[in-house]
Each structure stands twice: as C-alpha cells, then as structure tokens.
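Remember, the working numbering sits 1263 above the position in the sequence shown when you count from 1. Think of the CB as a built atom: it goes at the ideal place given N, C-alpha and C, for glycine as much as any other residue.
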Amino acid sequence: RVRPFDIVRTDFVHALAARLHGQVDVLIFNPPYVPSPPDEMGTDRIEAAWAGGERGREVIDRLLPLVGALLSPSGAFYLLLEAANEPAEIATRLGELGLDACEVGAKRARNERLSVWRITHALPASGASISTF
C-alpha cells in the first residue's frame, strides 16, 4: 500500500530549513562540480547536471553556509569535490563557519581527480565540555 506523501520542489533546503534545523544526521551531496560557462547552469539540458559555473563552485558555495545549521550535533555532511573546486580552500571556508572538514577518500576518474570530504561540527577547544540534549 502506498501512503500519501508531499512532493517538495525547492532550491536546496530553503523550504524545509526551519523543520530541518539541527536535525540532519547524514547529508550527502554530489553537486554539479564541473567548471563550466554560466549559460550551461540552471537549464533543462543535460549539461545542468554537471555544470558548476566558475571553478565548479557556484552551487557548492551556496550550500556551504547552510550546512552548520542543518547538521545535528553529531551529524556529518559528505561532499564530493573535484580538484578544480579547490578543496583546501573549501575546507578553510568551512573552518571559518565552525566546521571541520577532512578528506575521507580520493579517486582518479579519467581526467577528474575526485575526493569525498566529511564535514562535521568543530569540536570545542580542549577543556570545554560538549553539552547534549
């Protein structure tokens, strides 16, 4: 038996942000990461599936500021990146947002150098305590 459900079409999580705030335990994102001209983005053509704009980062950079608010205290965000996306720069930006990022896997796929990054809330400085609810 199929139960009724709602279909939500939204830009990332904006329509669900209040409901998801601090509730996401695992978030997996395979973004459109290929550097591409802006006219390939946001269309209904197949290129939109991989077109990431300048440095392949336009979609990625829009999601990064939302991640910390979405993740539960022990939540993890897994992000697929390509070398052209400048993963070290993304990790630095995430650090500025209070998140830790570490590469957990890498693979070469034809002409792409792919990596998966695990992003979590930064641990408090030593001596501080972690409160749980």
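Comparing C-alpha positions only, which one of 1360, 1338, 1346, 1332 sits nearest to residue 1298? If you number the sequence shown from 1, residue 1298 lands on position 35. For the residues 1360, 1338, 1346, 1332, the minimum Cα distance to residue 1298 belongs to 1346.
Taking the beta carbon of residue 1334 as the centre, do at least 16 other beta carbons fall within 10 Å, making it buried, or is it exposed? Walking along the sequence shown from the start, residue 1334 turns up at place 71. With 16 or more Cβ atoms within 10 Å of its Cβ, residue 1334 is classed as buried.
Which whole-angstrom value is the C-beta distance of residue 1319 and residue 1348, which I expect to be below 8 angstroms? Counted from its first residue, the sequence shown places residue 1319 at position 56. Counted from its first residue, the sequence shown places residue 1348 at position 85. Their Cβ separation, rounded to whole angstroms, is 5 angstroms, which keeps residue 1319 and residue 1348 in contact under 8 angstroms.
Rounded to whole angstroms, what's the CA-CA distance from residue 1386 to residue 1264? Just pull it up for me. Your numbering for residue 1386 matches position 123 in the sequence shown. Your numbering for residue 1264 matches position 1 in the sequence shown. Spanning the two alpha carbons is a distance of roughly 44 angstroms.
Can you tell me whether residue 1294 is buried or exposed? The criterion is at least 16 other CB atoms within 10 Å of its CB, across all chains shown. For the purposes of this step, residue 1294 is identified with residue 31 of the sequence shown, where counting begins at 1. It is buried - the Cβ of residue 1294 has at least 16 other Cβ atoms within 10 Å.
Please classify residue 1467 as buried or exposed, where buried requires at least 16 other C-beta atoms within 10 Å of its C-beta. Look at the range of the chain in this structure, 1264 to 1396, and you will see that residue 1467 is not part of it.
What whole-angstrom Cβ distance do residue 1379 and residue 1343 have, given they're in contact under 8 angstroms? Here the question's residue 1379 lines up with position 116 in the sequence shown. Here the question's residue 1343 lines up with position 80 in the sequence shown. Contact holds; Cβ gap of about 6 angstroms.
Distance between beta carbons of residue 1305 and residue 1312, contact taken as under 8 angstroms: Taking the first residue of the sequence shown as 1, we reach residue 1312 at position 49. Taking the first residue of the sequence shown as 1, we reach residue 1305 at position 42. Contact flag wrong, Cβ pair sits at about 11 angstroms.
Could you check which residue in 1372, 1337, 1274 has the C-alpha nearest to that of residue 1381? One-based indexing of the sequence shown puts residue 1381 at position 118. Taking only the C-alpha atoms, the option nearest residue 1381 is 1337.
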